[in-house]
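Engineer: Can you keep this structure in mind? I'll have questions shortly.
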Amino acid sequence: MSQWTTSQLRAISARGSNLLVSAGAGAGKTAVLVERIIGLVLDSENPVGVDRLLVVTFTNAAAAEMRERIGATLVARLKEDPANSYLLRQIALLGKASITTLHSFCLELMRQHFYHLSLDPSFRVSDEIESDLIRADVLESLLEKHYFVLDEAFCALIEGFGGRNDDRGVQQLILTIAAYALSQPRPRAWLLEVRQKFDLTDKHSVCQLPWYDEVLAEITQAAEDARSYLQKAQSVALLPAGPGHYGPVLAGELLSIDRIALVSTDGWDDLREAVLGIDFVRLPTKKGGDTALRDVAKLYRDKAKKAVKSLQETYAGQSEEQVLAGLVAAAPQVQKLCDLVEEYFDLYAKAKLAKGLVDFADLEHMALAILDDEGEPSAVALELREKYAEVLVDEYQDINGVQECILGLISRGNNRFMVGDIKQSIYGFRLAEPGVFRAKEEAFLEKPEIGECIHLSENFRSRPAVLCAVNYLFRQLMSGRGVGAVDYGEKAELCPGAVYPEHQATASPHVELALLDRRVVDNEEEADLDVTAREARVVAKKVLELVQGGALNVWDKVLKCYRPAQYRDIVVLLRATSNRADTFIDVFTQLSVPAYADTNSGYFEAIEIMNMLNLLRVIDNPRQDIPLTGVLRSPFVSLSGEELAEVRMAEPRLGYWDAVLAASQLENDIGYKLIAFLTQLNSWRKLARRGGLPELVWQIYEDTGYYLYVGALPGGLARQANLRALYDRACQYESTSF
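Below, the structure is given as structure tokens:
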């Protein structure tokens, strides 16, 4: 960026303190991070070598991009000062600089200090498929052992959480709890806390339970949400043309909700009674007034009713006596479940050790074991603290508890730079904990001496009209209990930061919402289309309007002027590409709109891959009619449809493989083709028995010329890349233990 904002400059130049940068979408956080690194490296008073920085990113691609951007900036500076030996050295060191994902950092730490872990130095990281296979074996052995004992708690677990005819539910429960425990710095200590929470000794009321405060907070927040909706309905009712006759009913409902706060300290049964006592009566009917205002008031009230209903169903179903009795009954099952998880940990670790494997969770926990010495930084951690002048963390909102602990052990008290946006935390399914970000922000605001919090809210990616619409939507969706548990206040709002020259710009840029009524078909052309295809037609026509109709001009950064929009300027964002992107591509192609979609699902559907997989299936077992027919029809044999029928007639009573063997005796083109194929197939089957899968795949390419053949087809380079990827997958499969 040529001009930095005040907040960006602060994030780039601040020194001597921990910094947490909350950067909204399009706020230039990567540019700020790179500029801060450059500033540290080229500091005139206290330069920091690039090898003395630890830069942690969330993906390998992000790490590579970061390294590339830093390198490009250093090279640009060197061109300005070619004789600068320090710059030359930094560029040389960049290749080995610690710009990495946290998993890669942990792996390197383990390779250097494996002797601290009693770990075989030849260990390798298992892929997810291999790990799943080991987990399945371990779970089967674990549960089989307990089936021989069949104690009461185990039987109750199987009955309560297993499937109809199996124990998959219990297996999944063990895996889920184990995964969450492993996202904590000390998994077994976390399991102990769970056990203790179900120890009801000396607890005679719900208010004494360890999680009561959390439950009360949830109830209070839900009541406050309902109260807010009712107040909005009341405000609408009080408008001059509003449904004023709703007022008394709404006032009464507000009073019943307020009673929750009055009895919140009186005990569970009183609180439950107050929650159940919230009743929504039928609204009075009266003609006149503004119909739209009446509908708005009803809408807000319906939202309040929904919030209260959820509250009543979730928390008010049982009396105090029933709650305590239920917990007493559940306690043995919880204890047994924790036992099973701990046994699973032991068996899984033993199975991995026997194969010389570690998984991704091991990377973090073994690195933590190297760095932690009974709650204090180990000698290795202290060495790393000395080595790294600053620890910079990208995408900090996706950190979990273990990762935060690792970062804390290798950081000093004032040399961490963390950047992220809690609104963009999307890895909850991987047990990322955005609460770590929130807690750090609150701590820095409360105690500025331990760190500074900087907000980057200016967006340099979008026009004001887009940001205005996004802010409006997010204000409705995000509250303390809404999406991501984020409060979308003034600090979170996106502010326009980019300056667009307005001459020849698109007139009145705006956000357009197009609603497609599924029940109505505009013309016969759309009658047979499904909803996705109809939606794609609407989008394609809009694209044509923007490009061919001259409705959109875009700013060209290279030409430094506006030009008519081209197809490549437009992107179509889908919530998910699976089952949708291909439909969009088909519809766009029909309407002559050039488009491309990068979908993983299409790989195995590519004809060259399908042909190879069919051939591999036939090599494994030729008595598979569908793969065999596919191979015969493919370029490997090149039989036509009529010839396939003739093969069938050679032996109509038996399987198709027998028909192929019979047809190979024919003295015609079909027989000659089949004899050549069977000879080749016999050779491949022998190779499959004595060699590896990668050798077989590549030998097929060479024997048939198939790799060169697909290269001559339309899209040949992409097809050859697919075949190379198949070979790579074969190598990866061969390297596993299964």
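Per the working numbering, residue 809 is the first one in the sequence shown, and the count goes up by one each step. Note that beta-carbon positions come from the ideal geometry of N, C-alpha and C, so glycine has one too.
Let me make sure I understand the geometry here. Which of L1424, N1419, N1429 and A1139 has the alpha-carbon closest to that of S1446?
Structural biologist: Residue N1419 is the option with its Cα nearest to S1446.
Engineer: For F1396, which three-state DSSP category applies?
Structural biologist: In the structure shown, F1396 sits in a helix (DSSP, three-state: H, G or I).
Engineer: Taking the continuous beta strand (DSSP E) assigned at D1364, which residues delimit it?
Structural biologist: It spans N1361 to D1364 - the beta strand (DSSP E) in which D1364 sits, taken as one unbroken run.
Engineer: Kindly indicate the opening and closing residues of the alpha helix (DSSP H) around Y1480.
Structural biologist: Where Y1480 is concerned, the enclosing alpha helix (DSSP H) stretches over D1477 to R1498.
Engineer: State the DSSP-derived secondary structure class of T813, mapped to helix, strand or coil.
Structural biologist: Looking at T813 - three-state DSSP - the assignment turns out to be coil, as it is neither helix nor strand.
Engineer: Here's the rule: buried if 16 or more other CB atoms are within 10 angstroms of the residue's CB, otherwise exposed. What is P1435?
Structural biologist: That one is buried.
Engineer: Can you tell me whether V839 is helix, strand or coil according to DSSP?
Structural biologist: Per the sequence presented here, residue 839 reads as Ala, with Val not at that position. In the structure shown, A839 sits in a helix (DSSP, three-state: H, G or I).
Engineer: If we ignore side chains and look at the alpha-carbon of each, how far apart do S1219 and L917 end up?
Structural biologist: Each residue's Cα considered, the two are about 15 Å apart.
Engineer: Applying the criterion that 16 or more other CB atoms from any shown protein chain within 10 Å of the CB defines a buried residue, is W1019 buried or exposed?
Structural biologist: Exposed, by the Cβ-count rule.
Engineer: Can Y1156 and I942 be called in contact, C-beta distance under 8 Å?
Structural biologist: Result yes, Cβ atoms of Y1156 and I942 sit closer than 8 Å.
Engineer: So who's on the other strand from S906, going by DSSP bridges?
Structural biologist: BP columns for S906 point to L862.
Engineer: Going by DSSP in three states, L1436 sits in which element: helix, strand or coil?
Structural biologist: Helix, per DSSP.
Engineer: Where W1465 and L1516 are concerned, what is the direct C-alpha to C-alpha distance, given to the nearest angstrom?
Structural biologist: Approximately 29 Å, taken between the alpha carbons.
Engineer: Which of helix, strand or coil does DSSP assign to A1533?
Structural biologist: In this structure, A1533 counts as helix in the three-state DSSP scheme.
Engineer: Taking 7 Å as the limit between beta carbons, can you name the residues of its chain near N1279, skipping five residues before and five after?
Structural biologist: Contacts found: E1301 and L1302.
Engineer: Buried or exposed: where does V1291 fall if 16 or more other Cβ atoms within 10 Å of its Cβ makes it buried?
Structural biologist: At V1291, the pLDDT of 48 sits below 50, so the modelled position is not reliable; the number obtained from the coordinates is stated separately. Exposed is the call here.
Engineer: Ordered along the chain, which non-local residues of its own chain (more than five positions away) have a Cβ less than 8 Å from that of E1503?
Structural biologist: Within the same chain, E1503 has close Cβ partners L1495.
Engineer: Closest to L1070 by CA distance: which of L1024, A1538 and G1050 is it?
Structural biologist: When each option's Cα is compared against that of L1070, the closest is L1024.
Engineer: Between the Cα of N975 and those of F962, A987 and I985, spot the shortest distance and give me the residue it belongs to.
Structural biologist: It is Asp, not Asn, that sits at residue 975 in the sequence shown. Nearest C-alpha to D975: F962.
Engineer: When the Cα atoms are used, what is the spatial distance from R932 to C1539?
Structural biologist: Roughly 15 Å separates the two Cα atoms.
Engineer: Please work out which residues of its chain come closer than 7 Å, Cβ to Cβ, to G1097, disregarding the five sequence neighbours upstream and downstream, and give them in chain order.
Structural biologist: For G1097, where only same-chain residues beyond five positions count, the Cβ hits under 7 Å are A1049, G1050 and P1051.
Engineer: Do you know offhand how far A1384's Cα is from L1462's?
Structural biologist: In a straight line, the C-alpha of A1384 is about 45 Å away from that of L1462.
Engineer: In angstroms with no decimal places, state the Cα-to-Cα distance between N1267 and L1275.
Structural biologist: Computed Cα separation, rounded: 8 Å.
Engineer: Pop quiz: V1201 and L1176 are said to be a contact at Cβ under 8 Å. What is the actual Cβ separation, rounded to whole angstroms?
Structural biologist: Actually they do not touch by this definition, with Cβ atoms about 16 Å apart.
Engineer: Pull up the distance between the alpha-carbon of L1324 and that of E1343, whole angstroms please.
Structural biologist: Rounded to whole angstroms, L1324 to E1343 spans 7 Å at the Cα level.
Engineer: Is the Cβ-Cβ distance between E1542 and G1500 less than 8 Å?
Structural biologist: Yes, these two residues count as a Cβ contact at 8 Å.
Engineer: According to DSSP, simplified to helix, strand and coil, what is P1092?
Structural biologist: Note: P1092 maps to coil in three-state DSSP.
Engineer: Rounded to the nearest angstrom, what separates F1546 and K1163 at their Cα positions?
Structural biologist: Legend: pLDDT at F1546 = 45, less than 50; position of this residue unreliable, no value from coordinates given.
Engineer: Using CA atoms only, rank isn't needed, just tell me which of Q1488, P890, D1170 and N1208 is closest to T1512.
Structural biologist: Of Q1488, P890, D1170 and N1208, the residue nearest in Cα terms is Q1488.
Engineer: Which partner residues does G1228 have in the DSSP bridge list?
Structural biologist: Answer by DSSP bridge pairing, in chain order: S830.
Engineer: Leaving aside the five residues before and after S1472 along the sequence, list all residues of the same chain whose C-beta is less than 7 Å from its C-beta, in chain order.
Structural biologist: Excluding residues within five positions, the ones whose Cβ falls inside 7 Å are G1479, L1482, I1483 and L1486.
Engineer: Tell whether a beta-carbon distance below 8 Å holds between L1058 and Q1042.
Structural biologist: A contact, by the Cβ cut-off of 8 Å.
Engineer: For the stretch 1026–1035 against the stretch 1007–1014, do three or more pairs of beta-carbon atoms, one drawn from each stretch, fall closer than 8 Å, so that the two count as touching?
Structural biologist: The answer is no - the stretch 1007–1014 does not touch the stretch 1026–1035, with fewer than three Cβ pairs under 8 Å.
Engineer: Consult DSSP for V933 and reduce its assignment to one of helix, strand or coil.
Structural biologist: Reduced to three states, the DSSP call for V933 is strand.
Engineer: Let me check one thing: in DSSP terms, what residues is V1201 bridge-paired to?
Structural biologist: V1201 pairs with V864 and M1226.
Engineer: Return the residue from the list A1359, G1305 and L1132 that minimises the CA-CA distance to G834.
Structural biologist: Nearest C-alpha to G834: G1305.
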